[in-house]
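Chains as they are written, first to last, in the working numbering: chain A, 174 to 752; chain B, -14 to 149. Below: one structure, written as structure tokens.
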Amino acid sequence: MTSQNTKPEMLSGAAMVIRALADEGVEYLYGYPGGAVLHIYDALFQQSKVKHVLVRHEQAATHMADAYARASGKAGVVLVTSGPGATNAVTGIATAYMDSIPMVVLTGQVMSHLIGEDAFQETDMLGISRPIVKHNMSVRRPEDIPYLIKKAFYIAQSGRPGPVVLDIPKDMTMPNERYPYQYPESIKLRSYNPTAAGHPGQIKKAVTALLKAKRPVIYAGGGVIMGQAAEELTELARKLNYPVTNTLMGLGAYPAADRQFVGMLGMHGSYEANMTMHHADVILAVGARFDDRVTNNTKKFCPDATIIHIDIDPASISKTINAHIPIVGLVKPVLAAMLAQLEQKKAQPDAPALATWWQQIDEWRAVHGGRYDNDTPVLKPQAVIEAVSRITKGEAYVTSDVGQHQMFAAQYYQFNKPNRWINSGGLGTMGFGLPAAMGVKLNYPDADVVCVTGEGSIQMNIQELSTCKQYGLGVKIINLNNGYLGMVKQWQDMNYESRYASSYMDSLPDFVKLAEAYGHVGIRVTKPEELQPALERAFASKDQLVFLDIHVDPKEHVYPMQVPGGAINEMFLSKTKRT
Amino acid sequence: MRHIISVLLENEPGSLARVVGLFAQRGYNIDSLTVAPTEDATMSRLTLVTHGNDQVIEQITKQLHKLIEVVKLQDLSESAHVERELMLIKVKATSGEHRDEVKRCADIFRGQIIDVTAKTYTIQVVGTSDKLDAFIEALKGASIIEVVRSGVSGIARGEKTLTL
Chain A
174 MTSQNTKPEM LSGAAMVIRA LADEGVEYLY GYPGGAVLHI YDALFQQSKV KHVLVRHEQA
234 ATHMADAYAR ASGKAGVVLV TSGPGATNAV TGIATAYMDS IPMVVLTGQV MSHLIGEDAF
294 QETDMLGISR PIVKHNMSVR RPEDIPYLIK KAFYIAQSGR PGPVVLDIPK DMTMPNERYP
354 YQYPESIKLR SYNPTAAGHP GQIKKAVTAL LKAKRPVIYA GGGVIMGQAA EELTELARKL
414 NYPVTNTLMG LGAYPAADRQ FVGMLGMHGS YEANMTMHHA DVILAVGARF DDRVTNNTKK
474 FCPDATIIHI DIDPASISKT INAHIPIVGL VKPVLAAMLA QLEQKKAQPD APALATWWQQ
534 IDEWRAVHGG RYDNDTPVLK PQAVIEAVSR ITKGEAYVTS DVGQHQMFAA QYYQFNKPNR
594 WINSGGLGTM GFGLPAAMGV KLNYPDADVV CVTGEGSIQM NIQELSTCKQ YGLGVKIINL
654 NNGYLGMVKQ WQDMNYESRY ASSYMDSLPD FVKLAEAYGH VGIRVTKPEE LQPALERAFA
714 SKDQLVFLDI HVDPKEHVYP MQVPGGAINE MFLSKTKRT
Chain B
-14 MRHIISVLLE NEPGSLARVV GLFAQRGYNI DSLTVAPTED ATMSRLTLVT HGNDQVIEQI
46 TKQLHKLIEV VKLQDLSESA HVERELMLIK VKATSGEHRD EVKRCADIFR GQIIDVTAKT
106 YTIQVVGTSD KLDAFIEALK GASIIEVVRS GVSGIARGEK TLTL
């Protein structure tokens, strides 16, 4: 950084892009070169602070950056060229947007004077990305680059996080035109100033309501993970001895092994979580947005509950479900303030009511409790996840794709720590899992990183096995291979009299040979007794990518499953049983 | 319920598209929209007329607030305000009787005839949207050739302001 009394350094636009990333503390940049960004790539080549990861398809670059953000809490950064490079990144940007993940995406653009002329590899990336970004901007003067990059990071990482696209026309990066470089330390915008602390009066009201509860539940979502508030949430829950349920995005916010944890809620939530929610008289919603996969029919949602809703985004409050006590703010300081008030009040929750409530919850636990029929010669997908959870002690980073395997991973892996469960919850992006695992492994090389996937999803970004080889990314791929697009098939079984319209994966590749062709290890598991040795072999090394092609029961369904149009407590518990 | 929402917006390329896009993306209604820079050229003021139930209007204002370029906004219809719309209307005015009739009607609505040809009058009328609707209704006898309406602009009455 240049001090004020010396002359600022003169850099080209391209060099400023890279230098600003370095000054922002960015270690890895995920991307793919092309015409419009060649000046930037040349600047990248001439330094060593920012390292570039070459993917095989731009979508993978966005998922890598996204997963890094989910694991670390810091924005991931992507660099792609104009036109097809940018459009290939769109799915990944939308994925990050739906799950409020901070990401900065630098997209190349054709020369300014060519914009609007349908030039080669021109596309209106600002227009295309507008509905799926927190913000987007374009560079109009090269000297603005440091400011715009700082602004992009500030917007992406503050308030409710999200992806920011910065479109850079090629003529903004000319190597021979130099401008004074100074990276701003901070930024202030008159039009954007997100609230941090919650309103003290509302917090007081919330604490009073919580203490009066007879049948309370804490419903915690992804906001607790991205808001780094798992510790405060856990402390609050323990202090009150209230049951906790996590959303799909919130898994790990409260330790799964803890007695107070009643499991995930929602469409494939646990019986006890959904029952607890439905019968609650006070719901403390923390960083969760009452998504339709949680509420089921909003008209029948939790009829007796007073709802306290903490969220950084005022638009998430009372969007689908009316909040009685809304608190706008970052979950971390709000929870801390609630803890402080509890301390001060010295009031205790209603112990006898709570004892009755816990008794009721334990009865619900006994009804289903995540049991599945494991007494068969065919390997069950649930059993695979349980085995992976055991061998990694619930401490691995687990990424997933989308479908039955994702739900099995969410239900049967014991997430005891936040930021360990990395999946596309909002957009439901197949093809997310492998690049996401790569993004985590690259940044946490000593950790176990598992990609739970299916034979459908894995083929959506299978080309990234090549990137894994190049960068030595030893992720463990758990391919729950049932030969069907499992979740589609489940719906077809339940709603379309088992007419499997295009849900059968005909002509599957030999995944073991495929892994080997890319220079990795492939292991096929077809019998229950082969599972444990295969897992032990796979997890023996941290550096080797192992592709476990595990043949599981094609008939298995994910249960519980909410009855369409029903209340949160109306569920199918097995193929033959419903509430 | 009809609402008039006033928005102070950073005067930057693409910021208007963001507002319009938000309405399209989330399925909100836009009945009319006007926008122009304010006395401070870095800011535009936008007046948007929409309708929806309370929950929808609450979401509209919250979602607008979330746009990075929105500096401030106000739901004018929540309190006393003045609203005006400008209309230019071209009508056939051929016979003498016909021309008198149109002129009389324009006078009643305090409209001004701003262009005249042997066969047409162009009239300018300013007022609330209801008044402009009533003028069109009153002219139904004459044949309307063309109507241009500016959309509503509005401002709060008294001390209440929407400024930085």
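Positions of the beta carbon are idealized from the N, C-alpha and C atoms, including for glycine.
Query	Result
is_contact[P336 of chain A, chain B] using C-beta, thresh 7 Å	no
CA-to-CA distance, I213 of chain A to Q219 of chain A, given in whole angstroms	10 Å
Backbone CA spacing between Y586 of chain A and S29 of chain B [nearest angstrom]	52 Å
Opposing strand residues paired with D297 of chain A [DSSP bridges]	Answer is none; D297 of chain A lacks a bridge partner.
Three-state class that DSSP yields for C624 of chain A in the structure shown	strand
Touching by the beta-carbon criterion (3+ pairs, under 8 Å), the stretch 394 to 411 of chain A and the stretch 523 to 536 of chain A	no
Element boundaries [alpha helix (DSSP H), containing V4 of chain B]	S0 to Q10
Buried versus exposed call for R11 of chain B [16 or more other C-beta atoms within 10 Å across all chains shown]	exposed
Proximal chain A residues relative to I53 of chain B, where beta-carbon distance stays under 8 Å	K307, H308, I328, L362, S364 and Y365
Unbroken beta strand (DSSP E) run spanning T35 of chain B, endpoints	M28 to H36
Rounded separation between T105 of chain B and V111 of chain B - CA only	20 Å
Inter-residue Cα distance where the pair is A426 of chain A and H230 of chain A	32 Å
Complete beta strand (DSSP E) runs within the stretch 639 to 721 of chain A (minimum length 3 residues, chain order)	649 to 654 and 694 to 698
Cβ contact check for the stretch 316 to 328 of chain A and the stretch 345 to 364 of chain A: 3 or more pairs under 8 Å	yes
6 Å Cβ shell around M174 of chain A - same chain, five flanking residues per side excluded	Caution applies to M174 of chain A, whose pLDDT of 48 falls short of 50 and renders its modelled position unreliable; the value that the coordinates give is listed next. Around M174 of chain A: no qualifying Cβ.
Complete alpha helix (DSSP H) runs within the stretch 366 to 444 of chain A (minimum length 4 residues, chain order)	373 to 385, 395 to 399 and 403 to 413
Residue range of the beta strand (DSSP E) that includes N309 of chain A	H308 to S311
First and last residue of the uninterrupted alpha helix (DSSP H) at P257 of chain A	P257 to N261
For L227 of chain A: DSSP bridge partner residues	A:G204
Closer than 7 Å to chain A by CB, T146 of chain B	no
Candidates A:E702, A:N309 and A:M511, of which the one nearest N374 of chain A by Cα	Note that residue 374 of chain A is Gly in the sequence shown here, rather than Asn. Taking only the C-alpha atoms, the option nearest G374 of chain A is A:M511.
Beta-carbon gap between M284 of chain A and D344 of chain A smaller than 7 Å	yes
CB contact flag (V501 of chain A, P487 of chain A, <7 Å)	yes
Simplified DSSP state of F745 of chain A, which is helix, strand or coil	strand
Where Q514 of chain A falls: helix, strand or coil (DSSP)	helix
Contact under 7 Å by Cβ, G423 of chain A with G394 of chain A	yes
CB contact flag (V250 of chain A, A238 of chain A, <7 Å)	yes
From B:A21, B:R134 and B:E86, residue whose alpha carbon lies closest to that of V(-8) of chain B	B:A21
Sequence ranges, alpha helix (DSSP H) only - wholly within the stretch 81 to 145 of chain B, length at least 4	81 to 93 and 114 to 123
Range covered by the alpha helix (DSSP H) that runs through A520 of chain A	First-last for A520 of chain A: undefined, no H or E at that position.
The stretch 661 to 672 of chain A contacting the stretch 611 to 619 of chain A, beta-carbon criterion three pairs below 8 Å	no
Proximity test, Cβ basis, 7 Å: K47 of chain B and chain A	yes
Residue closest to P476 of chain A, alpha-carbon to alpha-carbon, out of A:H452, A:G460 and A:D464	A:H452
Contacts that L299 of chain A makes with chain B (C-beta to C-beta distance below 7 Å)	G(-1)
Outcome for T179 of chain A when other beta-carbon atoms lying within 10 angstroms are tallied against a minimum of 16	exposed
Cβ shell of Y241 of chain A (< 6 Å), same chain only, five flanking positions each side left out	G249, G612 and N616
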